[in-house]
Amino acid sequence: MHVLAYGAQAGDQPLESLRIERRHPGPDDVLIEIAYCGICHSDLHQVRGEWAGTKFPCVPGHEIVGRVAAVGRQVIGFAPGDRVGVGCIVDSCKQCQECAEGLENYCDGMIGTYNFATPDAPGWTLGGYSQAIVVHQRYVLRIRHPEAQLAAVAPLLCAGITTWSPLRHWQAGPGKKVGVVGIGGLGHMGIKLAHALGAQVVAFTTSQSKREAAKSLGADDVVISSDAGQMAAHLQSFDLIINTVAAPHDLDALLVLLKRDGAMVLVGAPASPHPAPNVFNLIMKRRTLAGSMIGGIAQTQEMLDFCAEHGIVADIELIAAQHINQAYERMLRGDVQYRFVIDNATLAPTATPTRP
């Protein structure tokens, strides 16, 4: 079946309206009418060919929320009309140890929501900047937030789980001091989630103007990372630092803030490498420098349920599909608080565009 979408024909071309093909639902498939799709910074990198291997036409989008339109005969637990979501994963091998443990995000055969090889036409996955998507039931997530919050739930499918997973793995909670570096799409969710888990939360930013915003998100303290005195006041005090910055920067300035056995987890993905850290900043206090990539399906559902229970959503700006290219330019300038979300109803040519 054919649906309308927004994507690019080449890395140096703007996104435009496209017509794409979706497979007809099989026995285990769920057909989802997409209501909203968040815009992730990785969408921009991939669609512009800044990351290797982009296949064109490229239709980005892995922060998908909508409603079930139809289900295959073997689908259990989903019915037409249900509010559902799809994140960064639409398939995996289902046989490896990672899949058995619910860590599909680390499966070597994981298939991402867009730009991954698949038997379906055109030969690679096409994402959520589209009217509909067909997904195996294993990778469909239930949304328990109220209808009015549906658009603001979309970024939880990437920004939410990307910060939730390391917070849970390193056991953030009461009695733990957690730093969040960067107050953007990822960082604002990290602050909200760490605060809701009961941790003491310190936000790091280079912008004095973001101090009050960070506190309103749940930060107990805000450190201007360019201020040596403010940084020194937190030496050897953090159990965990979630680093969301997607640009190369000095990791040593943050590693020394960890206490013994503390961990800094990188979740931002810069296009070029960070400067290599001083190994003595790791070995002298048995500190850990780690990475983390989204989360498995069960953990993503856990995060969504936690957010529904605690009333947590992303702070968003809703846009029409026709304004995606402008949103990309604004995102590069940091001109959004904190995540753009596409109103997918505006993909239809007769739809009234959402105000930019």
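Under full-length UniProt numbering, read the sequence shown as residues 1 to 356, first letter to last.
Just so it is clear, CB atoms sit at the ideal spot from N, CA and C, and this is done for glycine as well.
Exercise for review: Using the Cα positions of Cys307 and Gly49, report the straight-line distance between them to the nearest angstrom.
Suggested key: Stepping through the sequence shown from its first residue, residue 307 is reached at position 307. Stepping through the sequence shown from its first residue, residue 49 is reached at position 49. Straight across, the Cα-Cα distance linking Cys307 with Gly49 is about 34 Å.
Review point. So the alpha helix (DSSP H) Thr300 belongs to, where does it begin and stop?
Key: As a position in the sequence shown, residue 300 is number 300, starting the count at 1. Residues 297-310.
Point to revise | Buried/exposed call for Phe238, threshold 16 Cβ in 10 Å | key: The residue given as residue 238 occupies position 238 in the sequence shown. Buried is the label assigned to Phe238, since at least 16 other Cβ atoms lie within 10 Å of its Cβ.
Exercise for review: Helix, strand or coil for Arg260, going by three-state DSSP, please let me know.
Suggested key: Stepping through the sequence shown from its first residue, residue 260 is reached at position 260. Under the three-state reduction of DSSP, Arg260 is assigned to strand.
Check your understanding: Can you name the start and end residues of the beta strand (DSSP E) that Gln200 belongs to?
Key -> Counting from one through the sequence shown, the residue named residue 200 turns up at place 200. Note, Gln200: beta strand (DSSP E), 200-205.
Practice item. Could you please give me the residues that DSSP links to Val84 through a beta bridge? Key: Against the sequence shown, residue 84 aligns to sequence position 84. Its beta-bridge partners are Gly66, Arg142.
Point to revise | Cβ neighbour criterion (16 or more within 10 Å) applied to Lys177 | key: To locate residue 177, count along the sequence shown from 1; it is residue 177. Within a 10 Å sphere around the beta-carbon of Lys177 sit 16 or more other beta-carbons, which makes this residue buried.
Practice item. State the beta-bridge partners of Arg19 as determined by DSSP. Key: Here the question's residue 19 lines up with position 19 in the sequence shown. Looking at the DSSP assignment, Arg19 forms a beta bridge with Leu4.
Review point. Is any heavy atom of the ligand FAD found at a distance shorter than 6 Å from the C-beta of Cys99?
Key: Only the bare structure without any ligand can be found here, which leaves the ligand FAD out of the picture.
Practice item. Can you have a look at Phe340 and say buried or exposed, based on whether 16 or more other CB atoms are within 10 angstroms of its CB? Key: On the sequence shown, position 340 is the one that residue 340 refers to. Classification for Phe340: buried.
Review point. Who are the Cβ neighbours of Gly291 in its own chain at under 6 Å, not counting the five residues just before and after it?
Key: On the sequence shown, residue 291 is found 291 positions in, with the first residue counted as 1. Here the set comprises Leu266.
Exercise for review: Specify, as a first and last residue, the run of the alpha helix (DSSP H) that Asp91 falls within.
Suggested key: Residue 91 sits at position 91 when you count from the first residue of the sequence shown. Unbroken run through Asp91 is the beta strand (DSSP E), 89-91; no alpha helix (DSSP H).
**Study point:** Alpha carbon of Lys285 to alpha carbon of Lys259, nearest angstrom
**Key:** Sequence index remark: in the sequence shown, residue 285 carries index 285 (1-based). Sequence index remark: in the sequence shown, residue 259 carries index 259 (1-based). Our two residues, Lys285 and Lys259, have alpha carbons roughly 7 Å apart in a direct line.
Review point. In angstroms, rounded to a whole number, what distance separates the CA positions of Lys55 and Trp124?
Key: Sequence index remark: in the sequence shown, residue 55 carries index 55 (1-based). Sequence index remark: in the sequence shown, residue 124 carries index 124 (1-based). Within the model, the alpha-carbon separation for Lys55 versus Trp124 is close to 7 Å.
Point to revise | Alpha carbon of Pro275 to alpha carbon of Asp250, nearest angstrom | key: On the sequence shown, residue 275 is found 275 positions in, with the first residue counted as 1. On the sequence shown, residue 250 is found 250 positions in, with the first residue counted as 1. If I take the Cα positions, the gap works out to 6 Å.
Point to revise | Cβ-based neighbour list, Arg22, same chain, cut-off 7 Å, excluding 5 preceding and 5 following | key: Within the sequence shown, numbered from 1, the residue matching residue 22 stands at position 22. Met1, Val3, Ala132, Ile133, Val134.
**Study point:** Given 8 Å, three or more beta-carbon pairs between the region 204-217 and the region 176-195
**Key:** The region 204-217 is in contact with the region 176-195.
Point to revise | residue 363 - containing alpha helix (DSSP H), residue span | key: Outside the modelled stretch of the chain, which goes from 1 to 356, sits residue 363, for which no answer is possible.
Check your understanding: Can you list the alpha helix (DSSP H) stretches of 4 or more residues lying completely in the region 35-59, in chain order?
Key -> Segments of the alpha helix (DSSP H) lying fully in the region 35-59: 41-47.
Practice item. Report the option in Ala194, Ala199, Tyr129 whose CA atom is closest to the CA atom of Gly66. Key: Here residue 66 is taken as the residue at index 66 of the sequence shown, counted from 1. Considering only alpha carbons, the answer is Tyr129.
Practice item. Look at Ala247 and Pro277 and say whether their C-beta atoms are less than 7 Å apart. Key: The count along the sequence shown starts at 1 and reaches residue 247 at position 247. The count along the sequence shown starts at 1 and reaches residue 277 at position 277. Cβ distance not < 7 Å, so Ala247 and Pro277 don't count as in contact.
**Study point:** Residues near Arg19 in its chain [Cβ-Cβ closer than 8 Å; skip 5 each side]
**Key:** Position 19 of the sequence shown, counting from 1, holds the residue named residue 19. These residues qualify, in order along the chain: His2, Val3, Leu4, Ala5.
Practice item. Grab me the residues of Ile294's own chain with a C-beta within less than 8 Å of its C-beta, minus the 5 sequence neighbours each way, in chain order. Key: Locating residue 294 in the sequence shown gives position 294, counting from the first residue. Cβ within range, chain order: Gly87, Cys88, Ile89, Asn105, Cys158, Ile161, Thr162, Ser165, Thr300.
Exercise for review: Quick one: using the 10 Å Cβ neighbour count with 16 as the cut-off for buried, is His195 buried or exposed?
Suggested key: Locating residue 195 in the sequence shown gives position 195, where the first residue counts as 1. Classification of His195: buried, given that the 10 Å Cβ count is 16 or more.
Check your understanding: Who are the near neighbours of Ala219 in its chain, counting only those whose CB is closer than 7 Å to its CB and skipping five residues on each side?
Key -> Locating residue 219 in the sequence shown gives position 219, where the first residue counts as 1. Ile191, Val201, Val202, Ala203, listed in sequence order.
Practice item. Would you mind sorting Gln171 into buried or exposed? The rule is 16 or more other CB atoms within 10 Å of its CB. Key: Within the sequence shown, residue 171 is the residue found at index 171, counting from 1. Exposed.
Exercise for review: Please confirm whether Tyr338 and His188 have their CB atoms less than 7 Å apart.
Suggested key: The sequence position of residue 338 within the sequence shown is 338, counting from 1. The sequence position of residue 188 within the sequence shown is 188, counting from 1. Yes, they are a contact pair.
Review point. Roughly how many angstroms separate the alpha carbons of Ile342 and Ile111, rounded to a whole number?
Key: Along the sequence shown, read from residue 1 onward, the residue named residue 342 stands at position 342. Along the sequence shown, read from residue 1 onward, the residue named residue 111 stands at position 111. Each residue's Cα considered, the two are about 23 Å apart.
Check your understanding: Which partner residues of Ile288 appear in the DSSP bridge assignment?
Key -> Along the sequence shown, read from residue 1 onward, the residue named residue 288 stands at position 288. It is worth fixing the name first, because residue 288 is Thr in this sequence and not Ile. Beta-bridge pairing links Thr288 to Ala263.
Point to revise | Nearest-angstrom Cα separation, counted from Leu44 out to Gly255 | key: Against the sequence shown, residue 255 aligns to sequence position 255. Against the sequence shown, residue 44 aligns to sequence position 44. It is worth fixing the name first, because residue 255 is Leu in this sequence and not Gly. Approximately 29 Å between the Cα atoms of the pair.
Point to revise | Span of the alpha helix (DSSP H), counted from its first residue to its last, around Arg330 | key: Here residue 330 corresponds to residue number 330 of the sequence shown, with the count starting at 1. Per DSSP, Arg330 belongs to the alpha helix (DSSP H) from 324-333.
Point to revise | Rounded C-alpha distance that separates Ala193 from Ala154 | key: Translated into the one-based positions of the sequence shown, residue 193 becomes position 193. Translated into the one-based positions of the sequence shown, residue 154 becomes position 154. Residue identity check: residue 193 is Leu in the sequence provided, not Ala. About 15 Å.
Check your understanding: Between the C-alpha atoms of Thr354 and Ile76, what's the straight-line distance to the nearest angstrom?
Key -> Stepping through the sequence shown from its first residue, residue 354 is reached at position 354. Stepping through the sequence shown from its first residue, residue 76 is reached at position 76. Low local confidence applies: a pLDDT of 47 at Thr354 is under 50, so the model's placement there is unreliable, and no value is given.
Exercise for review: Express the C-alpha separation of Gln46 and Ala8 in angstroms, rounding to a whole number.
Suggested key: Walking along the sequence shown from the start, residue 8 turns up at place 8. Walking along the sequence shown from the start, residue 46 turns up at place 46. Using only the alpha carbons, I get a separation of about 10 Å.
Practice item. My understanding is that Val222 touches Ala232, with C-beta atoms under 8 Å, so please give their C-beta distance in whole angstroms. Key: Reading the sequence shown from its first residue, position 222 is the one you call residue 222. Reading the sequence shown from its first residue, position 232 is the one you call residue 232. That pair is no contact at about 16 Å.
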